[in-house]
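Quick note, in the numbering used here, the sequence shown goes up one by one and the last residue is 1092. C-beta: ideal position from N, C-alpha, C; glycine also. Report on the following structure.
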Amino acid sequence: MDTYAPNGLIPSLRDGFSDWTWTTLAVLVISTFAVTRFVTGLQSHPNHSESGEPQAVRMVPYWFPWIGHGLSLAWDYLSYVEKTGRRIKEPVFGIVLRGVEQNVVTSLSMAESVLSSPGASITPMVNHTLKSIFGDRGAIRNLSPASRRELDQNSHNLLTRDSNKADGIAPVIRLIKHETPNLVTFCRSPIDQTPWERRCEVTVSNDENDLFCETDLFTLIRSFVGHTTTSAFMGQALVDAFPGLLDDLRTLDEQSAILAMGAPRLLSLPWVSAACAARDRLHHALAVFHDAFAAWDDGADPGADFRDFDDVSEPVKQQIRIFRKLGLSRHASAPGHLSLLWAMNAQASNIVFWHVLRIFADRTLLEDVRKEITPYAKASRPSCEETGFPFQEPPRFTIDSEGLYSSCPLLRASYYETVRLDSAPLSFRKLTSDLTVTESKEDARAAGISRPRTYQLQKTDNVAIPHGIFHRDTERFSNPHQYDPLRFIRTDETGVKRAYLHTINPSASLLGCQGSAPEREILAFTAAILAMWNIEPTNERRFMIPEHKPASVAPMPKTDVKVKLRARV
524 MDTYAPNGLI PSLRDGFSDW TWTTLAVLVI STFAVTRFVT GLQSHPNHSE SGEPQAVRMV
584 PYWFPWIGHG LSLAWDYLSY VEKTGRRIKE PVFGIVLRGV EQNVVTSLSM AESVLSSPGA
644 SITPMVNHTL KSIFGDRGAI RNLSPASRRE LDQNSHNLLT RDSNKADGIA PVIRLIKHET
704 PNLVTFCRSP IDQTPWERRC EVTVSNDEND LFCETDLFTL IRSFVGHTTT SAFMGQALVD
764 AFPGLLDDLR TLDEQSAILA MGAPRLLSLP WVSAACAARD RLHHALAVFH DAFAAWDDGA
824 DPGADFRDFD DVSEPVKQQI RIFRKLGLSR HASAPGHLSL LWAMNAQASN IVFWHVLRIF
884 ADRTLLEDVR KEITPYAKAS RPSCEETGFP FQEPPRFTID SEGLYSSCPL LRASYYETVR
944 LDSAPLSFRK LTSDLTVTES KEDARAAGIS RPRTYQLQKT DNVAIPHGIF HRDTERFSNP
1004 HQYDPLRFIR TDETGVKRAY LHTINPSASL LGCQGSAPER EILAFTAAIL AMWNIEPTNE
1064 RRFMIPEHKP ASVAPMPKTD VKVKLRARV
């Protein structure tokens, strides 16, 4: 009797597979795609109800099993959603992403119904983000509901801070006042430059005895705002001890979309590997920060890199204390600290860039805004005759954040218009109960139908709301692709012009509501740069607004903007 030879199994499989030609494999793959498209096409027939009864959500056909519409969404989700909505003529439609159905709502009235429903929960999306982007292995996600509420409230206190309390925004305003004159230092050696200058390779030149710096505007502003904000709330020692912290945060943010789609680390794609490596370094830095604060809080020596935590904000301190009280280790706590660090930086720095660029791109607007902010953002430099010294003193800068908010409607309106054009946040909800949504008569009339449509959403359904759709709605904004801050200015009953926010929903992102501390901080950053610096394009006669590159919340420019910076004083 023949003896069984296990070593013959692999050669046998190899020989069997060799009989399959590449043509056969290609036919199999194409057939799978074709069958998927055919079946989902059959399932996508409209089922309108003539009696006005709630109708089921229509699924958009797709080609790729499990992936669904993922490739189209990853390329440009906003354009895809806009075109799909027009093509199938439905305000609510279904898409598939990673095998999971998402009901996309493109009617503003229906979106407001979903967001205001007590049966629409944000928790599943928060948990997914904690796991896929911030690397939580379950320690935070599996906390009790009461513990999660305590953590969430503490994070909310930091991110939305009470703007009526001076200490809510004072740390950022103080650093803006101190550091804006050093946005570029005109130092030729990187050793003498600021950390944000070194990240964007600032070069110093002169033109007819006029000194100026050349650099990439987006990288400069993003680094400056990120460094200032992080230092203000997590302390100067953290950014000094880990100078690559914000670079790693930027890498993670740029790849957050593909991480959120569930791309595994073992996929070995360069951008996924880079994002995961950056996340590991961020975890290490924040774990060290956690341990150092814990020692300092207990009265022990925190180590040479962290001698003082007096400049760390109270909510950050409180978060570490909460994690310690709940028994989480420094490594288990690190994803929670990372989510907070990311939330501080993910949108504000990008919005400041777009806000500054759009104002400088319009000379008339620039002159009007500068005239408006003059009483509240002042840059000066004493002359040699005034000081009695044979050299120039550094420039001096003062800023009144409350005056910028309450007395500068054009500055605020330009900010709202920037948010409208240069942010496209997504809201995700999971239904914990059945929900019926009906569009308003105004939305129905805009769609050219006589009777508002009603849709039945089921318990456990996922709902996605792309707010960028509403920002570009021609029914609510004339010439929606044009930058026009005046659309947000109204004259009140006393004849005073005021900035009035309507239709756009910054609270769906990380900027908070109208008048919140984050809004005031962004206004302060923008006003400080406008007051202190002249910025002009390097090669062109006027600024060209670059196309958007998708990011986590606010987009980045596809190409950076080369500029020259000159001090105004």
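| Item | Value |
| --- | --- |
| Do A755 and P694 have their C-beta atoms within less than 8 Å of each other? | yes |
| Pair every Cβ in the stretch 958-971 with every Cβ in the stretch 934-945, then say whether three or more of these pairs are closer than 8 Å. | no |
| With 16 other CB atoms within 10 Å as the buried threshold, where does Q676 fall? | exposed |
| Nearest-angstrom Cα distance between T738 and E1063? | 15 Å |
| Output the distance between the C-alpha atoms of I1027 and P948, rounded to the nearest integer angstrom. | 10 Å |
| Could you give the distance in angstroms between the alpha-carbon of L933 and the alpha-carbon of S644? | 37 Å |
| So G617 is in the beta strand (DSSP E); what residue range does that whole segment cover? | 615-620 |
| Spatial neighbours of S686 within its chain, please: CB distance less than 7 Å, with the 5 preceding and 5 following residues excluded, ordered by chain position. | Low confidence applies to S686: its pLDDT is 48, below 50, so where it sits in the model is not reliable enough to give any reading. |
| Starting from Q841, follow the beta strand (DSSP E) in both directions and report where the run begins and ends. | Run containing Q841: none in the beta strand (DSSP E); it sits in the alpha helix (DSSP H), 837-848. |
| Is W1056 helix, strand or coil by DSSP? | strand |
| Taking E940 as part of the alpha helix (DSSP H), name the residues at either end of that continuous run. | 932-945 |
| What do you get for N1171, buried or exposed, if any count of 16 or more other CB atoms within 10 angstroms of its CB means buried? | One cannot answer for residue 1171 here, as it falls past the ends of the chain, which runs 524 to 1092. |
| How is the beta strand (DSSP E) around R1010 delimited, first residue to last? | First-last for R1010: undefined, no H or E at that position. |
| Should L548 go down as buried or exposed, given a rule of 16 or more other Cβ atoms within 10 Å for buried? | exposed |
| Ignore the nearest five residues each way along the sequence and tell me which others in F951's own chain have a CB closer than 6 Å to its CB. | M648, A987 |
| Does the Cβ-Cβ distance between A869 and D763 come in under 8 Å? | no |
| In angstroms, rounded to a whole number, what distance separates the CA positions of V558 and G785? | 25 Å |
| Tell me the DSSP secondary structure of R893 in three-state form. | helix |
| My guess is that S862 and F657 are in contact by the Cβ rule of under 8 Å, so how many angstroms apart are they, rounded? | 5 Å |
| Within its chain, find whatever has a CB closer than 7 Å to the CB of E962; leave out the 5 residues flanking it on each side and keep chain order. | P614, S630, S632, M633, P975, R976 |
| Can you give the Cα-Cα distance for V839 and E720, rounded to whole angstroms? | 27 Å |
| Excluding the 5 residues preceding and the 5 following P1069 in the sequence, name in chain order all residues of the same chain whose CB lies nearer than 6 Å to its CB. | P1080, K1081, T1082 |
| Report all residues from its chain with a CB closer than 6 Å to the CB of R999; omit the five preceding and five following residues, and keep chain order. | T1026 |
| Judging by CA-CA distance, which residue of S595, V892, T742, D831 is the nearest neighbour of A780? | S595 |
| Given this structure, state the Cα-to-Cα distance separating V1019 from R1013, to the nearest angstrom. | 8 Å |
| Ignore the nearest five residues each way along the sequence and tell me which others in L851's own chain have a CB closer than 7 Å to its CB. | A662 |
| Do A810 and H854 have their CB atoms nearer than 8 Å? | yes |
| Let me know if M1067 comes out buried or exposed under the rule of 16 or more other beta-carbons within 10 Å of its beta-carbon. | exposed |
| Please specify which runs of the beta strand (DSSP E), each continuous and at least 3 residues long, are wholly inside the stretch 725-781, giving them in chain order. | 726-730, 733-739 |
| Let me check understanding here. Comparing Cα to Cα, which of A1050, E605, W589, P569 lies closest to Y899? | A1050 |
| Per DSSP, which residues does Q578 bridge with? Please list them. | Y978 |
| I need the straight-line Cα distance from A827 to L789, nearest angstrom please. | 37 Å |
| Rounding to the nearest angstrom, what Cα-Cα distance links Q566 and M582 in this structure? | 7 Å |
| Determine the contact status of Q842 and G859, defining contact as a CB-CB distance below 8 Å. | yes |
| Between W991 and the rest of its own chain, which residues show a CB-CB distance below 6 Å, the 5 nearest in sequence each way excluded? | Sequence inspection shows Gly at residue 991; the Trp mentioned does not correspond to that position. So the qualifying residues of the chain are L601, A947. |
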